[in-house]
Structure formats: structure tokens, C-alpha cells
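Visitor: Going down the list, the protein sequences come from chains F and W. Residue numbers in the first sequence follow the working numbering, run continuously in steps of one, and reach 489 at the last position. Residue numbers in the second sequence follow the working numbering, run continuously in steps of one, and reach 489 at the last position.
Number of protein chains: 2
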Amino acid sequence: MDKREESLPPHDAPTATIDDRGHDRDPAPREAETELDEDDRLKPEFVRDVIDLVEAGEDEAARERIGRLHPADIADLFELVSDEDRPSLARVLGDMLSPDVLAEMNEHVREGLIDLLAPEQVAEIASELDTDDAVAIIEDLEEEEQQAVLDAMEPEDRAAIEEALSYPEESAGRLMQREFVAVAEHVTVGDVIDRLREDRELPTDFWEIFVVDPMHRPVGTCQLSWIMRTPRDIAIGDVMKREQTLIPVDMDQEEVALRFQKYALISAAVVDRAGRLVGVITVDDVVHIIQEEAGEDILRLSGAGDGDINEPIRETYSARVRWLIANLGTALVASSIVGMFGGAIEHMVALAALMPIVAGVGGNAGTQTLAVTVRALAMNQLTDSNSWRAVFREIKIALLNGGTIALIAGTATALWFANPGLGGVIAAAMIVNIFVAGVAGVAIPLLLDRLDQDPAVASSIFVTMTTDSMGFLAFLGLAVASGLTTL
Amino acid sequence: MDKREESLPPHDAPTATIDDRGHDRDPAPREAETELDEDDRLKPEFVRDVIDLVEAGEDEAARERIGRLHPADIADLFELVSDEDRPSLARVLGDMLSPDVLAEMNEHVREGLIDLLAPEQVAEIASELDTDDAVAIIEDLEEEEQQAVLDAMEPEDRAAIEEALSYPEESAGRLMQREFVAVAEHVTVGDVIDRLREDRELPTDFWEIFVVDPMHRPVGTCQLSWIMRTPRDIAIGDVMKREQTLIPVDMDQEEVALRFQKYALISAAVVDRAGRLVGVITVDDVVHIIQEEAGEDILRLSGAGDGDINEPIRETYSARVRWLIANLGTALVASSIVGMFGGAIEHMVALAALMPIVAGVGGNAGTQTLAVTVRALAMNQLTDSNSWRAVFREIKIALLNGGTIALIAGTATALWFANPGLGGVIAAAMIVNIFVAGVAGVAIPLLLDRLDQDPAVASSIFVTMTTDSMGFLAFLGLAVASGLTTL
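(1) Strictly under 8 Å for the Cβ-Cβ distance: is VAL434 of chain F near chain W by that measure?
(2) Are ILE359 of chain W and SER462 of chain F close, meaning C-beta to C-beta below 8 Å?
(3) Is the shortest distance between the beta-carbon of GLU348 of chain F and the beta-carbons of chain W less than 8 Å?
(4) From the DSSP output, in three-state form, read off GLU60 of chain W for me.
(5) Mind pulling the chain W residues with CB within less than 7 Å of ASP386 of chain F?
(6) Taking LEU279 of chain F as part of the beta strand (DSSP E), name the residues at either end of that continuous run.
(7) Measuring only the C-alpha atoms, how far is ALA476 of chain W from VAL444 of chain W?
(8) SER484 of chain F lies in the beta strand (DSSP E); which residues open and close that run?
(9) Terminal residues of the continuous beta strand (DSSP E) containing ILE211 of chain F?
(10) Which residue marks the beginning of the alpha helix (DSSP H) containing GLY1 of chain F, and which one marks its end?
(11) Spell out whether any CB of chain W is found under 8 Å from the CB atom of VAL137 of chain F.
(12) Of the residues F:LEU267, F:THR332, F:GLN255, F:ASP274, which one's Cα is nearest the Cα of GLN293 of chain F?
(13) Roughly how many angstroms lie between the CA atoms of TRP390 of chain F and GLU57 of chain W, to the nearest whole one?
(14) Checking contacts by CB at 8 Å: is PHE80 of chain W closer than that to chain F?
(15) Rounded to whole angstroms, what is the Cα-Cα separation between THR318 of chain F and PRO457 of chain F?
(16) So for GLN575 of chain F, helix, strand or coil by DSSP?
(17) What in chain F is Cβ-close to HIS290 of chain W, meaning under 8 Å?
(18) With three or more C-beta pairs closer than 8 Å as the rule, is the region 298-314 of chain W touching the region 363-378 of chain F?
(19) Could you tell me if THR284 of chain W is buried or exposed, where buried requires 16 or more neighbouring beta carbons within 10 angstroms of its beta carbon?
(20) If we cut at 8 Å on Cβ distances, does VAL49 of chain W have a partner in chain F?
(21) Check whether the Cβ atoms of LEU143 of chain F and VAL137 of chain F sit closer than 8 Å, and answer yes or no.
(22) Any heavy atom of the ligand ATP within a distance shorter than 7 Å of the CB on GLU145 of chain W?
(23) Which stretch, first to last residue, makes up the beta strand (DSSP E) that contains SER269 of chain W?
(24) Does any C-beta atom of chain F lie closer than 8 Å to the C-beta of LEU95 of chain W?
(25) Looking at the secondary structure, which residues open and close the alpha helix (DSSP H) in which GLY405 of chain W lies?
(26) So, using beta-carbon positions, are VAL221 of chain F and GLU187 of chain F closer together than 8 Å?
(27) Please state whether the Cβ-Cβ distance between GLU210 of chain W and LEU198 of chain W is less than 8 Å.
(28) Where does GLN383 of chain W fall in DSSP's three states?
(29) Looking at ALA128 of chain F and MET2 of chain F, is the spacing between their C-beta atoms short of 8 Å?
(30) Roughly how many angstroms separate the alpha carbons of ALA105 of chain W and PRO73 of chain W, rounded to a whole number?
(31) Which residues, in order along the region 283-316 of chain F, keep a beta-carbon less than 7 Å from a beta-carbon of chain W?
(32) Cβ of PHE2 of chain F less than 8 Å from any chain W Cβ?
(33) Quick check for students: name the residue ranges of the beta strand (DSSP E) that lie wholly in the region 435-469 of chain F, counting only runs of 3 or more.
(34) Which residue's Cα is closest to the Cα of MET253 of chain F: W:MET472, W:ASP470, W:ASP41?
(35) Pull up the distance between the alpha-carbon of PRO233 of chain W and that of GLY192 of chain W, whole angstroms please.
(36) Consult DSSP for LYS243 of chain W and reduce its assignment to one of helix, strand or coil.
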């Protein structure tokens, strides 16, 4: 585990220009970038200055300021400025608005920019990108816009894109690159290195090479570090690792992301239905998916839809209002339960003041369980093997929580209203509701998952409806049953 | 963008045994594993069979069944079986319970197993792991247990671990490996390859080599693919990429993860305060952090604490109950507002049935905005540059949502209670509360973030308190003001 390093003796190497694709993508050492704050975000002053320059028509000065940014930061710049400023910023940037920048950009912001471009320009941009990035840009376009762009592309590129588009959205087929290095098992390390040095057409950035049989089916993968550590005359077949995670071309991207994570993959071979190697997915294409998928649950659970701050308001509105209307509907259930106890409340109006507490705390307890369950399901931690254990676990926790809250709420109420009976009723209602919340919070998402529904989407509506209704029913019902009040 | 491949002519290569560290980690081709379901999770039948074998004392059969699993799957197996079964499973596995397996395991489950081992055994396991994995295991141990393990380690390994532990938890210093290849700028490609072939002590699995100056400060990085594509006599300095993302050794892991994601890094140099290269972080160590950090928000927002289904119940209880008690406190605010309107409710008990709807829908609207804002903050999408725009955006959406919900709820109420006045009151209250919810949902997390507080943790309590109180106040207040009822 000790640190090993190479420090070789001095040596006069002739400088030489070599293929430098992929080298000078970053115009400046990141650590020197004064444009970024300590959190690696563009400083507000910088953003303001740039926009001022753009509006003042000082294009050169603006380009100079932006010139030192990494493509990912230029993409951020577009996301940070207002919709109105984006077109003029794009105009000023011109060719600095590179394919790389567009590939890094938030899809909604990118769509806005793409709309400003002619199909030929989009086609040119797409041609410069790896298939996966090109597809990401083109798949978002309107139907006929998409066709126009494809028509403007080189046949070879168009074929690759069209093939990618033939796979379902969010599938491995759309995620993979078609540029990779594949060799036969018997090829030697020396042959591989020589060929890589000669053939300038081969990709420059890759991490593993793939070994295929005559049918072009993957038989192993080989990390470049293993090749470099092996004598020239050894066959790749003796260096490669036979065990590998193969990704079916139609696998969902969420599943792909989970595999990369579980098996700590850097790149993986994508195979078609016949088991032939058709592409490669590298971890950097997967990282943002892991981010998205993991972050989606919180948005789905709250019914915030896509949840992207760059999403057009129209779309955001329709996503959210649907959810609120659904909540309005379920709220009626709880409300009608209260309605049933109108008389009881009239006789003892304190109940009206206390009932929201029972419902509210129950709702929170349910949300806690729900959040934990949804996460565990998303991370494949919760399967049929341990789901019953998870339910019992939540029941135990619910009883502990319920007991504690009942004690506090009961005592406080008894003292506040100088009414021990009322304290006992709210305590009992708390235990009941928090117990129900715990069971519903774990059982409902598990059930939805079993029915192949996304547990994150629908669960919370049902859970809160349950805890609201149960809270009112238990509290008001017990109040009547205990003779504290009458209907 | 077209697909390029190598297919070299046949060639008789002598087979040879070469250093195979890191090759045969996976005992079987993943696609052949019948133990896994289509979602790549261990099948319940398989888990049950294994446990049955273990309990029946048929150790060999059990080992045979488990033998074909990837370490990550063996780790999952331990997480899926009950606490009672884990020790016996560990006993049966024996040496198959490899360091890799422990490194992949959920920390709570791992702690349980480690407790069964003697410090010497833990020390031996740690010595076999890369520094980062070893640290992950040791940092969770109790103080004196940790000391015992360190004492049992080789001085060299102990030093590395102790140095790592000297960095703050969840910092780059704990995440990095100390095994890497660093060379001087003038060294040629040929020298590097020869040295890699000769020196068996060098690490086997790496993706980039780092170029350092005489002061051992990084001056560039070099992808192995670039080296392999370059003639032997060229100096590394002419192949390397000078621009690179340097990770300060004390940077928080969440920040590290965001950089890897933003700049699509595979590995990055970690530098000490003097700018010297001290370690390397590779993307596979970062992927699970991206997962965790992105998934944490949903748990924090709901007060579910750590939110791990393997967490000891005691810890889960104390995390969740604290939150529920806090909610109990805030619920009192809303409740006392209702109390103020006791008379109004007595005169018109329908208000008691309707007021939860106003509060509930408002709460949901607030949670939607909150979720979106928290995510955007976590992904560095929301900075001082666009936070005002985000607020105005949410206000627009709130007005749209409020108007729609007000229309529906107002009409329904007017008809249901045959009371247009009541319909008007609930409609107005809805608009007010959803507007307040929208503002609170975006403003509160932004404020907390500005105060360097985690917006995910405290926001939702404040937001729901606001929407509950506002809902009751607006609805009951307007009912009185409009003369529908009297206090």
C-alpha cells in the first residue's frame, strides 16, 4: 500500500508535434481560474462583467474573458445568464460555442440555442461529437427539425445517429460511443502498440481495449495499464480479463448506471441481441446519470416533475398543478372525515385546534419511512429477500417514535387544556397514526415496486392521504368514543 | 464518428504467465450468473438456498454456491441476510470473505462483521487494500479498537493509514490512493513503458500517469492511450495535457464529486498545501459518493437522518424522533392560530373540515418548490447570479398554480356547501397560501445556503410551518373578515 513512483534519470528527448486530439480542451489550468469561487462555480461578478461587455458590444473583450474557461464552465455561463442574454452571448462567442460546450449544457438551455441555428450548423456540430453526445443533442429536437439535421449530415455520421435513435430513449444504445478499439485474442501487445502508433484514425481517448472472437463477440477486456506492463511478444488473450460486465444495447440507463457503480467500471462493452460488440460506454457518460437518477426521487416524491430550474415555466406548471389537483382530491377524503365529526367539534372546539397536530406529525413520520424505502429500492438494497425485515424494522421504529411523541403531546395537551382525558385521547391518536404512517410508508412503495410502478412517483400522495385521514379519524373518533364530546 | 477497430492478422503468440494482480477478481462472467435477477440483484431463492445450506452445516456446498459471485454481490448477500445469519455466513465463507468484499459492504453491516474479528485480522485485511479502502474500514472503528488495528499493521502501512486519518472525514485526503505513477517531464514514452514492464512493484491498475516537476508538483497528466499512441522517443512532456483539475487534499468529498462530474474526470491528482502531488483519486471511488450525496437530500428533507436500512434501530430512532419532536413544536404554532378562531369555527363548523385542505395543498406546493431549489443548490446550478431569477420564476409558477387550484376548490366548495361566499373565501385563501408556499419554498433554502447551512436539513420544517399557519390564518381570517362567521 506504500506509495510507488517512477523517477527516471534525465534524458534529452527531441520535442515533436504529435496527434494532439483531446489535449488542449482546457485553455487554462483550473487552479488558476479566478473566474471560479471556492465551490468551483462561476463568480457572479464575472458573469455580470461578461454580460456588461456583451451588451456594450465589446465582443473581443468578452471573448477574451470567456476564452480561458473550460467548456463545462462556458456551458454554466449560458445557464446562469437570463434567456434574453443567451442569444447575444452565443453570437459573441461564435466558434467558441464549441460542440463540447453544447454537449455540457443543460438540455433546456441548449434547445433554446439550437433553435437559433440552421440545421446545417447543428449537423456540423453533431458531426464533431462522439455519437453519444451527438445523439443527446439531436434526440431533443422536434421531429422534422431532427430530420432536417440528419439530412444535412454525412451519410456515415447520419447512419450512426439514426442507429442510435433506433434504440429506446434512455437506453444503453443511446448512451454508447461507437468509437472503440477491439482486437483478436491472439494479437500481441507489440502489434497492438504498433498499430495504435500508426493508425491516426483510431480513437485517442480510451481506457480499455476490447478483445473479440471471430464472430465479433467480446471475450475479454484489457486495461491499458496491463498492456503497458506486458512484454511485446505476449498475446492480448493472456493479459486480458475474461470476466466482464456486458451491457445489453437496450438496457435502461438507470440499470447501466447501477452496474457501473456496483462493479466500479471505467468502461464496459455494449452488445447487441446476438452478443456482438456494438459500442462502449465509459464511466464519464454514466456519472451524470447516477447524479440525475439519485436526485430524481426527491423531485418525484414531491411531484415537482422534471424539477429543472431551466425548464420552460409552461412545462413546470403543468407538471406541478396536476400533482396539486391530485392532492386536492385526496384532501377531500380527510376533509369529509372531519365533516363527519362536525357535531363533536362544535361541542368541543379545541379538537379543531389539535387535530392538525395529529395529522401533521403522522404525515412527517410517514414521509421519513417513505424516503428511506424509496432510496433503498432505488439502490437495489431492498429486495424480496429483506422486504419483510424492512417492514418489521419500520414497525419497531414507529412504536418507539409513537410512544415518545404520545408522551410529549399527551402531557402537554393535558396541562394546556387542564384536561387529562383530552391528553389521553391525543396520545392514543398519535400512537395509532404514527404506527399507520410507518406501515404505509414502507408498504405502499414496496407494493408499487412489486407492481412495477415507480415507488417515488405515487407513494407520497397515498401516504399523506392515509396519515391525514387516520389522524383525524383516530383523534376525533377516540374523542367521541371516550365520551369527551358527542356527535 | 464512424466506428474504427483494429483487426490484426493472425499471429502465433507464446503464452506466458504475467503479473496478474487485479485480473481474476471476478470468478465468473457476469452474464452467466443465474444468481442475479434481471435487475442485477441477488435472487431471493438464491439467498434462501445459501442460508439453508449454512444452517444445515453444509459449508462446502454453500461456499460452492457463493464462489461464483463477484465481491460486490457477496457484499450484497451479507446485507440481504438477517443480522443473526451474518456471523455464521462469515464463518462458512472464511477466506472468501476477502478485503474486496468488505470494502464493498454497507458500513453498518461491515462494522458488525469487523466486531467479530481480532485486530490482527482486521490489520491483515486492511494491508491488502488500497489506502482509500483501508481507511474506509478503519475510520469507522471505535477509538481504541482503531489503535489496536494500527498497532498490528506494518509500520509502512500504518503510516499511510495514520496520515490519511489525519485529514478531515469525508475529505479528499481520505479518499485518495497513495499508489500512483509519477514521472518527470523529460522522460520519454519508451522509458516509461520499459520501466512499467520491469518494475513489478508499480501499481497495476491505473488510467493516467502524472507528470511532476523537481519539486514534485504536478505539471500535467497523461492518458495511457496517448502514451501508447506515441513513438518511444517522444518526451512525456510533449504528450501530456498541461491543464488539469488539481484536488486540494482537504477538499470536501462532495466538492470532489462535483468536479469529477463537471469535468468528466477519470482520475485526478491530489496536492498538499505546498502543491506537491500526494495522491490520486479515481472516478470509481467517487461514483458512490455522487450517488450518496445526490440521494441524501431526500432523506435530510424528510428528517430521516442517515436513512440507511442497515442502520441500528437505536440510531434511526433518535434521528427521526428528534425531527418529529421539532415538528410537534412547529405544529403548535399552526394549532394556536386555529385556537384563535375557536369562536369562528363554533359558528361555522364547516371551516374545520375545509381548513386542512388549504393547509395541505399549500404544504405540497411548498415542498415542490423546496425540492427543486435544494436539488439546484446541490448541483451548483443555483448561484448568486441567478437566485433572484429563480425566486421570480417560482412566484410566476405559484400564481399559475394558485389560480388554478383556487378556481377548482372555490367552485367545488361553493357547490358542495351551496355557499358562494365560502367558495370565494377558500379560493382567496388558496391563492394566498400557494403564493406564500412558493416564496418560502425557494427563499428559505436560498437563505440557509447563504448562511452556509445545509438547505436540505432545516428547510422543510420552516416551510411546512409557514404553509400550515398561513393556510389556517388566511382561510379562517378571510372567513371572519368577509362576515361569513364571527369570532
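No residue lacks a Cβ here, since even glycine has one placed at the ideal position from N, Cα and C.
Guide: This is what the structure gives:
(1) Here residue 434 of chain F is taken as the residue at index 432 of the first sequence, counted from 1. So, not an interface residue.
(2) By 1-based counting over the second sequence, the position of residue 359 of chain W is 357. By 1-based counting over the first sequence, the position of residue 462 of chain F is 460. Going by C-beta atoms, ILE359 of chain W is not nearer than 8 Å to SER462 of chain F.
(3) The residue you call residue 348 of chain F lines up with position 346 of the first sequence. Answer yes: the Cβ-Cβ gap between GLU348 of chain F and chain W drops below 8 Å somewhere.
(4) By one-based count along the second sequence, residue 60 of chain W stands at place 58. Of the three classes helix, strand and coil, the one that applies to GLU60 of chain W here is coil, per DSSP.
(5) Locating residue 386 of chain F in the first sequence gives position 384, counting from the first residue. Simply PRO46.
(6) By 1-based counting over the first sequence, the position of residue 279 of chain F is 277. Start and end: 279-284.
(7) Here the question's residue 476 of chain W lines up with position 474 in the second sequence. Here the question's residue 444 of chain W lines up with position 442 in the second sequence. Near 21 Å, if we compare the C-alpha coordinates of VAL444 of chain W and ALA476 of chain W.
(8) Position 482 of the first sequence holds residue 484 of chain F. Where SER484 of chain F is concerned, there is no enclosing beta strand (DSSP E), given that its DSSP letter is neither H nor E.
(9) Mapped onto the first sequence, residue 211 of chain F falls at position 209. First-last of the beta strand (DSSP E) with ILE211 of chain F: 210-214.
(10) Nothing about residue 1 of chain F can be reported from this structure: the residues present for chain F run from 3 to 489 only.
(11) The sequence position of residue 137 of chain F within the first sequence is 135, counting from 1. Cβ-Cβ to chain W under 8 Å: no for VAL137 of chain F.
(12) Against the first sequence, residue 293 of chain F aligns to sequence position 291. For GLN293 of chain F, the nearest C-alpha among the options comes from F:GLN255.
(13) Reading the first sequence from its first residue, position 388 is the one you call residue 390 of chain F. Reading the second sequence from its first residue, position 55 is the one you call residue 57 of chain W. Approximately 20 Å, taken between the alpha carbons.
(14) The residue given as residue 80 of chain W occupies position 78 in the second sequence. No, PHE80 of chain W lies away from the interface with chain F (no Cβ there is under 8 Å from its Cβ).
(15) Residue mapping note: residue 318 of chain F aligns to position 316 of the first sequence, counting from 1. Residue mapping note: residue 457 of chain F aligns to position 455 of the first sequence, counting from 1. Taking the straight line joining both Cα atoms gives about 21 Å.
(16) This structure cannot settle anything about residue 575 of chain F, because the visible part of chain F is limited to 3 through 489.
(17) On the second sequence, position 288 is the one that residue 290 of chain W refers to. In chain order: GLN263.
(18) yes
(19) Here residue 284 of chain W refers to the residue found at position 282 when the second sequence is read from its first residue. By the 10 Å Cβ count, THR284 of chain W comes out buried.
(20) Within the second sequence, numbered from 1, the residue matching residue 49 of chain W stands at position 47. It does; some Cβ of chain F falls within 8 Å.
(21) Translated into the one-based positions of the first sequence, residue 143 of chain F becomes position 141. Translated into the one-based positions of the first sequence, residue 137 of chain F becomes position 135. Result no, Cβ atoms of LEU143 of chain F and VAL137 of chain F do not sit closer than 8 Å.
(22) Judged by which ligands are present, the structure shown has none, so any question about the ligand ATP falls away.
(23) On the second sequence, position 267 is the one that residue 269 of chain W refers to. Start and end: 269-273.
(24) Here residue 95 of chain W refers to the residue found at position 93 when the second sequence is read from its first residue. No, its Cβ sits nowhere closer than 8 Å to a Cβ of chain F.
(25) Residue numbering aside, residue 405 of chain W sits at position 403 when the second sequence is read from its first letter. From DSSP, the alpha helix (DSSP H) with GLY405 of chain W extends over 389-418.
(26) As a first step, residue 221 of chain F is located in the first sequence; it is residue number 219 there, counting from the start. As a first step, residue 187 of chain F is located in the first sequence; it is residue number 185 there, counting from the start. Closer than 8 Å, so yes.
(27) On the second sequence, position 208 is the one that residue 210 of chain W refers to. On the second sequence, position 196 is the one that residue 198 of chain W refers to. In this structure, LEU198 of chain W does not lie closer than 8 Å to GLU210 of chain W by Cβ.
(28) Counted from its first residue, the second sequence places residue 383 of chain W at position 381. GLN383 of chain W falls in the coil class under three-state DSSP.
(29) The question about residue 2 of chain F has no answer, for chain F in this structure spans 3 to 489.
(30) Locating residue 105 of chain W in the second sequence gives position 103, where the first residue counts as 1. Locating residue 73 of chain W in the second sequence gives position 71, where the first residue counts as 1. If you take the alpha carbons of ALA105 of chain W and PRO73 of chain W, they lie about 9 Å apart.
(31) VAL285, ASP286, VAL289, HIS290, ILE292, GLN293, ALA296, GLY297, ASP299, ILE300, LEU301, LEU303, SER304, GLY305, ALA306, GLY309, ILE311, ILE315
(32) Outside the shown range of chain F, which is 3 to 489, sits residue 2 of chain F, and nothing can be said about it.
(33) none
(34) Taking the first residue of the first sequence as position 1, residue 253 of chain F is located at position 251. Answer by Cα proximity: W:ASP41.
(35) As a working note, residue 233 of chain W is residue 231 in the second sequence. As a working note, residue 192 of chain W is residue 190 in the second sequence. Near 8 Å, if we compare the C-alpha coordinates of GLY192 of chain W and PRO233 of chain W.
(36) Reading the second sequence from its first residue, position 241 is the one you call residue 243 of chain W. Residue state, collapsed to three classes: strand.
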